[in-house]
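Chemist: In our numbering, the protein residues as written are 78 to 191.
Here it is, the structure, as structure tokens.
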């Protein structure tokens with residue numbers, strides 16, 4: 078069985094973990110959203126505050142998923158996909174600008190679908 082270090086704390090088994098990296102005083106967290114592990118910093122030095130912040134981060138990520146928003150916004154493709162969908166919806170409803178078509182084309186040229 079794996080031993081956990083005193084710098085690793087499991088809050089929810091296979092769902093939420095708070096840990097501290099070597100040579101760091103800031104607590105990090107890992108959590109699962111839709112079966113995929115995500116990681117984030119709690120920006121906290123105190124373990125109890127870090128645990129609370131980790132739970133908040135996981136809840137916010139779940140809410141973003143349920144709202145059809147990207148859970149992680151550090152990847153260009155996630156933000157680009159959301160921007161394209163919103164511009165297409167506005168164009169379809171007649172409220173969007175004509176230039177949205179150009180914006181969509183530029184985004185797709187910059188980052189082709191995979």
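Cβ coordinates follow ideal geometry from the N, Cα and C atoms, glycine included.
If you follow the beta strand (DSSP E) that residue 116 is in, where does it begin and where does it stop?
Modeler: In the chain shown, the residue the question calls residue 116 occupies position 39. 113 to 121 is the span of the beta strand (DSSP E), which, as asked, contains residue 116.
Chemist: With C-beta atoms as the reference, is residue 108 less than 9 Å away from residue 93?
Modeler: For the purposes of this step, residue 108 is taken as residue 31 along the chain shown, with counting starting at 1. For the purposes of this step, residue 93 is taken as residue 16 along the chain shown, with counting starting at 1. Yes; because the gap between Cβ atoms is below 9 Å, this pair is in contact.
Chemist: Within 10 angstroms of its Cβ, does residue 87 collect 16 or more other Cβ (buried), or is it exposed?
Modeler: The sequence position of residue 87 within the chain shown is 10, counting from 1. Flag for residue 87 reads exposed.
Chemist: Could you please give the first and the last residue of the uninterrupted alpha helix (DSSP H) stretch that includes residue 136?
Modeler: As a working note, residue 136 is residue 59 in the chain shown. Segment 124 to 143, the alpha helix (DSSP H) holding residue 136.
Chemist: Three-state secondary structure (DSSP) at residue 169?
Modeler: For the purposes of this step, residue 169 is taken as the residue at position 92 of the chain shown. Residue 169 falls in the helix class under three-state DSSP.
Chemist: By alpha-carbon positions, which one of 173, 122, 110 and 152 ends up nearest to residue 143?
Modeler: On the chain shown, position 66 is the one that residue 143 refers to. When each option's Cα is compared against that of residue 143, the closest is 110.
Chemist: Following the continuous alpha helix (DSSP H) through residue 183, name the residue where it begins and the one where it ends.
Modeler: As a working mapping, residue 183 is identified with position 106 in the chain shown. Run containing residue 183: 176 to 187, per the alpha helix (DSSP H) assignment.
Chemist: Could you tell me the boundaries of the beta strand (DSSP E) in which residue 88 lies?
Modeler: Taking the first residue of the chain shown as position 1, residue 88 is located at position 11. Its beta strand (DSSP E) spans residues 85 to 89.
Chemist: Excluding five sequence neighbours on each side, which residues of the same chain lie with their C-beta closer than 8 Å to the C-beta of residue 122?
Modeler: Reading the chain shown from its first residue, position 45 is the one you call residue 122. These residues qualify, in order along the chain: 102, 103 and 104.
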